[in-house]
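Only one structure is covered here, and it is reproduced in the block below.
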Amino acid sequence: MHSLGEYVYDPDRLAFYKRDLDAATIAKIHARVKVDNDYDSVREMINAYDASEIRIRPGALKRAGICLTNNCSF
54 MHSLGEYVYD PDRLAFYKRD LDAATIAKIH ARVKVDNDYD SVREMINAYD
104 ASEIRIRPGA LKRAGICLTN NCSF
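In my numbering, the protein residues as written are 54 to 127.
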């Protein structure tokens, strides 16, 4: 994992975590991430970047939501 300010980048799961998350919470996130056929190619592309050059822009995302449908299996 690579440190990025208050975040940690996990190249195996292509995910950013807040630095203060406990190991149990990160393990739950890992269990939910599904690795598919495109995952390796995306990981290679992202890992080509130098992690020390990646910057997180604070406040880029203010809100997010999920729109559920009638047949949602979420």
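Just so it is clear, CB atoms sit at the ideal spot from N, CA and C, and this is done for glycine as well.
Distance from the CA of H83 to the CA of V61, rounded to the nearest whole angstrom, comes to 14 Å.
Residue pairing for S56: DSSP places it in a beta bridge opposite V61.
In the DSSP assignment, Y92 falls within the unbroken alpha helix (DSSP H) covering Y92 to N100.
Each of G118, L67 and S56 was checked against the Cα of D91, and the nearest Cα belongs to L67.
The three-state reading of DSSP puts A117 in coil, since its state is none of H, G, I, E or B. For K87, no beta strand (DSSP E) run applies, since DSSP gives it neither H nor E. Bridge partners of A68 according to DSSP: D63.
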